[in-house]
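In terms of full-length UniProt numbering, the sequence shown opens at residue 1 and continues consecutively.
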Amino acid sequence: MADCLFCGIVAGDIEADLVLETEHVVGFLDLRPVFKGHTLLVPRAHVVTLPDLPAALRDPFLEGGQRLAAAMLTGLGAQGSFVAMNNTVSQSVAHLHLHVVPRTKGDGLRGFFWPRTKYADADEQAGYAARLRAALDGED
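Encoded structure:
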């Protein structure tokens, strides 16, 4: 897409510090990293959210994420990584991207980036589980 920042990076029209390039995915440093080395992985094809990702790209996308998570350890000396993605809400660029962030114990990052909540009771919790199971059972 002509107006997509990440498509511009994939095409080479927008400068980025590329970390990983394969036939199906591109990884590059985030310009506003949580920690230095924070990398974004995107499919070369314009895909907006994870549910939109074609089946043929699932393995290459996950493999790229695995490779980047391992590289955080071997390449940066991190003790681990934080791997996450947003779908639509909080998705600053409407192109699927996986955040792979190097982590070290005591780095100051605590928990998730969003507030936590609780279910009102066990029935409410079970209701949410049932709704998700029903949606998954209805998949084609």
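C-beta atoms are modelled at their ideal positions from N, C-alpha and C, and glycine is treated no differently.
Note that the structure is predicted; figures quoted are calculated from it, not measured.
Kindly indicate which three-state DSSP category residue i falls into: helix, strand or coil?
i, result
"F35", "coil"
"V10", "helix"
"L50", "helix"
"Q125", "helix"
"G138", "coil"
"L96", "coil"
"Q66", "helix"
Which residue's Cα is closest to the Cα of residue i: the options?
i, options, result
"C62", "K105, L31 and T22", "Reading off the sequence, residue 62 comes out as Leu, not Cys. With distances taken between Cα atoms, L62 lies closest to T22."
"P102", "E124, L5 and L73", "L73"
"P60", "G138, T104 and V25", "V25"
"residue 143", "V19, L53 and Y128", "Coverage of the chain is limited to positions 1 through 140, which leaves residue 143 absent and any answer about it impossible."
"H38", "E124, R131 and A84", "A84"
"H99", "S90, G106 and D107", "S90"
"C7", "Q79, V93 and T88", "V93"
Where DSSP assigns a beta bridge to residue i, which residues make up the other side?
i, result
"P43", "V25"
"P102", "S81"
"L76", "Its beta-bridge partners do not exist; DSSP assigns none."
"L18", "F28"
Just the C-alpha distance for residue i and residue j, rounded to the nearest angstrom, thanks.
i, j, result
"L109", "R67", "22 Å"
"H46", "M1", "7 Å"
"K118", "G77", "36 Å"
"D123", "I14", "50 Å"
"A69", "D30", "15 Å"
"R131", "D121", "16 Å"
"D17", "G127", "45 Å"
"G75", "K36", "12 Å"
"L50", "A56", "13 Å"
"G138", "G106", "43 Å"
Report back the beta-carbon spacing between residue i and residue j to the nearest angstrom; my notes put them in contact at under 8 Å.
i, j, result
"L41", "G64", "5 Å"
"V10", "R32", "About 19 Å separates the two Cβ atoms, so there is no contact after all."
Using a C-beta cutoff of 8 Å, does residue i count as contacting chain C?
i, result
"G12", "Included in the structure is just one protein chain, with no chain C present."
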